[in-house]
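Under the numbering used here, the first residue of the sequence shown carries the number 334, and numbering increases by one thereafter.
What follows is a single structure, written as C-alpha coordinates, with notes after it.
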Amino acid sequence: MKKALLIAVALISISLTSCKKDWTCTCDDGNGGTSDITISSTTKPLAKTACEGYNGSIRTGCKLK
(Lines of atoms letter the chains of each structure in order from A and count residues from 1; the text may use other names and numbers.)
(Lines give C-alpha, C1' and ligand atoms only; values in the text may rest on other atoms or scores of the structure.)
Protein backbone atom coordinates (compact mmCIF):
# COMPACT_ATOMS: atom_id res chain seq x y z
CA MET A 1 0.00 0.00 0.00
CA LYS A 2 2.83 2.39 0.83
CA LYS A 3 4.50 1.66 -2.51
CA ALA A 4 1.29 2.44 -4.39
CA LEU A 5 0.93 5.73 -2.52
CA LEU A 6 4.57 6.63 -3.16
CA ILE A 7 4.22 5.84 -6.87
CA ALA A 8 1.02 7.90 -7.09
CA VAL A 9 2.67 10.90 -5.42
CA ALA A 10 5.68 10.61 -7.74
CA LEU A 11 3.48 10.50 -10.85
CA ILE A 12 1.43 13.49 -9.73
CA SER A 13 4.61 15.46 -9.01
CA ILE A 14 6.03 14.67 -12.44
CA SER A 15 2.81 15.61 -14.19
CA LEU A 16 2.61 18.95 -12.38
CA THR A 17 6.19 19.96 -13.18
CA SER A 18 5.88 19.23 -16.88
CA CYS A 19 2.58 21.01 -17.49
CA LYS A 20 2.47 23.94 -19.88
CA LYS A 21 1.37 27.27 -18.46
CA ASP A 22 2.03 30.99 -18.72
CA TRP A 23 5.18 32.37 -17.11
CA THR A 24 6.25 35.94 -16.30
CA CYS A 25 9.74 37.19 -17.09
CA THR A 26 10.76 40.36 -15.23
CA CYS A 27 13.62 42.50 -16.58
CA ASP A 28 15.25 45.80 -15.64
CA ASP A 29 14.35 48.22 -18.41
CA GLY A 30 17.40 50.49 -18.21
CA ASN A 31 15.40 53.49 -16.96
CA GLY A 32 15.26 52.44 -13.32
CA GLY A 33 12.06 50.46 -13.80
CA THR A 34 11.12 46.93 -14.68
CA SER A 35 9.19 45.35 -17.50
CA ASP A 36 7.18 42.14 -17.35
CA ILE A 37 7.02 39.83 -20.34
CA THR A 38 4.50 36.99 -20.51
CA ILE A 39 5.76 33.72 -21.97
CA SER A 40 2.68 31.66 -22.85
CA SER A 41 1.91 27.95 -22.89
CA THR A 42 5.32 26.46 -22.22
CA THR A 43 7.21 24.43 -19.65
CA LYS A 44 9.41 26.01 -16.99
CA PRO A 45 12.78 25.03 -18.56
CA LEU A 46 11.77 26.47 -21.95
CA ALA A 47 10.37 29.62 -20.33
CA LYS A 48 13.62 30.11 -18.39
CA THR A 49 15.65 29.85 -21.59
CA ALA A 50 13.35 32.30 -23.37
CA CYS A 51 13.51 34.73 -20.44
CA GLU A 52 17.30 34.66 -20.36
CA GLY A 53 17.23 35.40 -24.09
CA TYR A 54 15.62 38.80 -23.39
CA ASN A 55 18.85 40.04 -21.75
CA GLY A 56 20.50 42.55 -24.04
CA SER A 57 21.36 46.20 -24.42
CA ILE A 58 17.92 47.45 -23.34
CA ARG A 59 16.76 44.78 -20.90
CA THR A 60 19.06 43.34 -18.23
CA GLY A 61 18.73 41.05 -15.22
CA CYS A 62 15.82 39.08 -16.67
CA LYS A 63 14.46 36.47 -14.27
CA LEU A 64 11.58 34.04 -14.48
CA LYS A 65 8.86 34.36 -11.86
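Don't be surprised by glycine CBs; every beta carbon is placed ideally from N, CA and C.
Because the structure is a prediction, the values reported are computed rather than measured.
Per-residue DSSP class, three states only, for residue i
i    : result
C352 : coil
K335 : helix
T382 : helix
Residues bridged to residue i [DSSP beta-bridge criterion]
i    : result
K396 : T359
I372 : W356
Supposed contact pair residue j and residue i - C-beta distance, whole angstroms, cut 8 angstroms
i    : j    : result
D361 : G386 : In fact, because the Cβ distance is near 15 angstroms, the residues do not count as touching under 8 angstroms.
Beta carbon of residue i nearer than 9 angstroms to that of residue j
i    : j    : result
T359 : K335 : no
K353 : T375 : yes
W356 : I372 : yes
R392 : G363 : yes
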